[in-house]
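Position 200, counted from 1, in the sequence shown is what our numbering calls 200; the numbers after and before it change by one each time, with no gaps. Ideal Cβ positions, reconstructed from N, Cα and C, are used throughout, including at glycine.
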Amino acid sequence: MSIAYLGRESLRQLKNMRAMIFTLAVPLVMLFAFGGTFGGAGQVDAATHLPWIAVTTIQVAAYGGMMSALSQAFQIVTERSIGWNRQLRITPLTGTGYLVSKLVAALALALFSIVVIIGVSIALYHPHLSAGSWILAALAIWCGVVPFALLGILIGQLAKPEFAQPLFMAVFMGMAVLGGLWIPLQLFPAWVADVAKAVPSYWLNRVGQLGALQSGDALTPAIVLTAWALALGALIVWRYRRDAARG
1 MSIAYLGRES
11 LRQLKNMRAM
21 IFTLAVPLVM
31 LFAFGGTFGG
41 AGQVDAATHL
51 PWIAVTTIQV
61 AAYGGMMSAL
71 SQAFQIVTER
81 SIGWNRQLRI
91 TPLTGTGYLV
101 SKLVAALALA
111 LFSIVVIIGV
121 SIALYHPHLS
131 AGSWILAALA
141 IWCGVVPFAL
151 LGILIGQLAK
161 PEFAQPLFMA
171 VFMGMAVLGG
181 LWIPLQLFPA
191 WVADVAKAVP
201 SYWLNRVGQL
211 GALQSGDALT
221 PAIVLTAWAL
231 ALGALIVWRY
241 RRDAARG
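Right, dumping it as structure tokens:
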């Protein structure tokens, strides 16, 4: 694997202003909207015992990290449409190196989004949470977005250019709703909450809360998110090898 290519790909993502704006604008608007409601009220969430603004910030950071990680799909679709991935196969860059570079680039963009969202919340709303809790929450969310980065790569491998955006939005919106990142799951019928526990976005939000609490059962979220990551990783490798065999 070329470390130089890996570094260039990550930097290219961070310099992509359109991608940065796309993955930050909506989460920040959500933060301003909900933060303006709960930011100064000092309310506490009964389920987590965290300040409401902290719960909101974690949800928005998870939302932004998930969006950033999934958005890698568009770059891969573009590269496939112009034949760039086929050109790379005749270079010393291995298939593993190419796929890892996409994963690292997605995670770099997701980390930037998570840090900015949490930083803005701290600066504007001063949530009553220690620095250690915020750091653990950010790291937990960042680790939790790995399945979404892999899902973005898989979408990029499968989707045609004309279907990439509708597919992205369908997956993203479904994950956001079932993960409780838009609307609290308590407002839905009980069966929706049961279904939600099978999708990674639910646990992405949960690991952020556990990081902020610095306690709780982290094993179940870790198992679910790891299972998703392994399954998606296997599909990505299968699809890449199939494309390579076609030439």
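Just how far apart, CA to CA, sit residue 176 and residue 63? 7 Å
Just the Cα atoms here: how many angstroms apart are residue 27 and residue 111? 14 Å
Do you know how far the Cα of residue 246 is from the Cα of residue 211? 45 Å
Residue 204 beta carbon less than 8 Å from that of residue 66: yes
Given residue 115 as reference, the closest of 208, 181, 223, 191 once Cα atoms are compared: 208
Just to confirm the assignment, what range does the alpha helix (DSSP H) spanning residue 188 have? Where residue 188 is concerned, there is no enclosing alpha helix (DSSP H), given that its DSSP letter is neither H nor E.
Sequence-distant residues of its chain with Cβ nearer than 6 Å to residue 228 (five each side left out): 147, 200
Other residues of its chain near residue 61: CB distance less than 6 Å, five sequence neighbours each side excluded: 114, 117, 118, 141
Give me the DSSP bridge partner(s) of residue 51. 44
Suppose only complete runs of 4+ residues qualify. What are the alpha helix (DSSP H) ranges in the region 150-202, listed by chain order? 161-178, 190-196
Tell me, to the nearest whole angstrom, how far the beta carbon of residue 107 is from that of residue 69; I am working on the premise that it is less than 8 Å. 7 Å
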